[in-house]
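**Q**
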Amino acid sequence: MTTKWTANDVPDQTGRVAIVTGSNTGLGYETARVLAGQGARVVMAVRDTAKGDAAAARLRASTPNADVTVQKLDLGSLTSVRAAADDLRAAYPRIDLLINNAGVMYPPKQITADGFELQFGTNHLGAFALTGLLIENLLPVAGSRVVTLGSIAHRILGKIDFTDLQWEKRRYNRVAAYGQSKLANLMFAYELQRRLVATNAETISVAAHPGISNTELMRHIPGSSLPGFNQISGLVANSPEVGALATLRAAVDPAARGGEYYGPSGIRQLVGHPVLVQSSAQSHDAGIQRRLWTVSEELTGVTFAI
80 MTTKWTANDV PDQTGRVAIV TGSNTGLGYE TARVLAGQGA RVVMAVRDTA KGDAAAARLR
140 ASTPNADVTV QKLDLGSLTS VRAAADDLRA AYPRIDLLIN NAGVMYPPKQ ITADGFELQF
200 GTNHLGAFAL TGLLIENLLP VAGSRVVTLG SIAHRILGKI DFTDLQWEKR RYNRVAAYGQ
260 SKLANLMFAY ELQRRLVATN AETISVAAHP GISNTELMRH IPGSSLPGFN QISGLVANSP
320 EVGALATLRA AVDPAARGGE YYGPSGIRQL VGHPVLVQSS AQSHDAGIQR RLWTVSEELT
380 GVTFAI
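For my numbering, count along the sequence shown from 1 and bump the result up by 79.
1) Note down, in chain order, each residue of its chain lying with its Cβ closer than 6 Å to the Cβ of Tyr-171, except the 5 sequence neighbours on either side.
2) Smallest Cα separation from Ala-192: which of Thr-104, Arg-234, Leu-157, Ala-115?
3) Candidates Asp-127, Arg-369, Asn-264, Lys-248: which alpha carbon is nearest Asn-179's?
4) Tell me the start and end of each unbroken alpha helix (DSSP H) in the stretch 156-198 that is at least 4 residues and wholly inside, in chain order.
5) Does Ile-367 come out as helix, strand or coil in the three-state DSSP assignment?
6) Could you tell me the boundaries of the alpha helix (DSSP H) in which Lys-238 lies?
7) If contacts are defined as beta-carbon pairs under 8 Å, then Ser-359 and Tyr-340 qualify, I think. What distance do you get, rounded to the angstrom?
8) So, Gly-94 versus Val-125, is the Cβ gap smaller than 8 Å?
9) Taking the alpha carbon of Leu-114 as the point to measure from, which residue in Leu-177, Ala-268, Leu-236 has its own alpha carbon closest?
10) If I follow the unbroken alpha helix (DSSP H) through Leu-271, where does it start and stop?
11) Does the beta-carbon distance from Thr-142 to Val-226 come in below 8 Å?
12) In whole angstroms, give me the CA-to-CA distance for Ile-231 and Asn-252.
13) Using a Cβ-Cβ cut-off of 8 Å (strictly less than) and excluding sequence neighbours within five positions of Asp-132, which residues of its own chain qualify?
14) Taking all protein chains shown into account, do 16 or more other C-beta atoms lie within 10 angstroms of the C-beta of Lys-238, making it buried, or fewer, making it exposed?
15) To the nearest whole angstrom, what separates the beta carbons of Val-121 and Val-99, a pair I think is in contact under 8 Å?
16) Smallest Cα separation from Ala-136: which of Arg-336, Asp-165, Glu-196, Thr-104?
17) Taking only the alpha-carbon atoms, compute the straight-line gap between Gln-259 and Phe-199 and give it to the nearest angstrom.
18) Under three-state DSSP, which class holds Thr-78?
19) Could you compute how far the alpha carbon of Asn-419 sits from the alpha carbon of Leu-167?
20) With a 10 Å radius around its C-beta and 16 neighbouring C-beta atoms as the bar for buried, classify Glu-281 as buried or exposed.
21) Taking the alpha carbon of Asn-87 as the point to measure from, which residue in Ile-367, Glu-320, Ser-375, Gly-337 has its own alpha carbon closest?
22) When we look at the beta-carbon of Lys-248 and count the other beta-carbons within 10 Å, is it buried (16 or more) or exposed?
23) Does Val-285 come out as helix, strand or coil in the three-state DSSP assignment?
24) Considering only residues of the same chain and omitting the five flanking positions on each side of Ile-367, which have a CB-CB separation below 8 Å?
25) Go through its chain and collect everything with a Cβ distance to Gln-189's Cβ below 7 Å, but skip five positions before and after it.
26) Throw me the rounded Cβ distance for the Leu-209 and Ile-174 pair, which I believe falls under 8 Å.
27) With distance defined between alpha-carbon atoms, name the residue in Ala-169, Leu-262, Asp-146 nearest to Gly-116.
28) Going by the CB atoms, is the gap between Thr-110 and Ala-316 shorter than 8 Å?
29) State the Cα-Cα distance for the pair Met-123 and Gly-182, rounded to the nearest angstrom.
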């Protein structure tokens, strides 16, 4: 293995099934591309299937013999999540990797089809529900993993406000709302691992984050419409190819263990190749993790078979 963990360190994935949400662009696309290149059967689970089909065609063109399919999935709609899970359970009795990559960042205040604040509803509740609905197809599979994407933003104003999870009482702060959703992602990943261990499951739960990565998610960052923003961000952020490496390492590194968190090696975990990193002390609060899990079950109507 090289000093810096790269896509060349991804072992052979032949025979494995990997579901990657939000994989028509950015980090998800690069994750899907590398896994398919190593022989995995990749399902690109995306909200816009036209864009998904175009991304799949692009991937096949760049990766000969890639086994890629597209699945409609809108994490902002529990109806869509349930429909997608029904399709995936039937098509793939064995699932090796579920990579919860899809998300939204810093949009103006919006609500999901189910009335949830968009970032919390999509980034956390959608991923929570999808995982719960698919978990039985992962549990018997040796080496199976659930990878959930966090963010350095979980440290920035991140707080699980159980009195106002949907930002109905407070003035909306899109940065704080994003921080809450990404803190929830990490707490979910850690609590899921604890429950998997308690049931002696074959599956493990691992978290990852890309640092700052130059993807379409940056379109809502203040100043993103200014001339030269893309050029500047390209100089100070990881490329999607490098940003996706933390996800890939969490998904396939034989040395990775359940409950670990991977992110960039650079200062403040902003850029660089993936290494084992630490999340905030708050993210490890087991009491809040358990409470969030219970609330998430109540809001989604999804319970886990563990």
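All C-beta atoms in this analysis are idealised placements derived from N, C-alpha and C, irrespective of residue type, glycine included.
**A** With the given structure in hand:
1) Around Tyr-171: Val-96.
2) Leu-157
3) Asn-264
4) 157-170
5) helix
6) That residue, Lys-238, is in no alpha helix (DSSP H); it is neither H nor E in DSSP.
7) Between Ser-359 and Tyr-340 the beta-carbon gap is near 10 Å, outside 8 Å, which marks them as no contact.
8) no
9) Leu-177
10) 253-277
11) no
12) Looking at the backbone, the Cα of Ile-231 and that of Asn-252 are separated by about 17 Å.
13) Val-149
14) exposed
15) 6 Å
16) Thr-104
17) 7 Å
18) The structure shown does not extend to residue 78, since the chain spans only 80 to 385, so no value can be given for it.
19) Any answer about residue 419 is impossible in this case: the structure gives the chain only from 80 up to 385.
20) exposed
21) Glu-320
22) exposed
23) For Val-285, the three-state secondary structure derived from DSSP is strand.
24) Ile-239, Met-266, Gln-361
25) Close CB contacts of Gln-189 within its chain, under the 7 Å cut and outside five residues either way in sequence, are with Leu-197 (chain order).
26) About 11 Å; that fails the 8 Å criterion.
27) Asp-146
28) No, the Cβ-Cβ distance between Ala-316 and Thr-110 is not below 8 Å.
29) 14 Å
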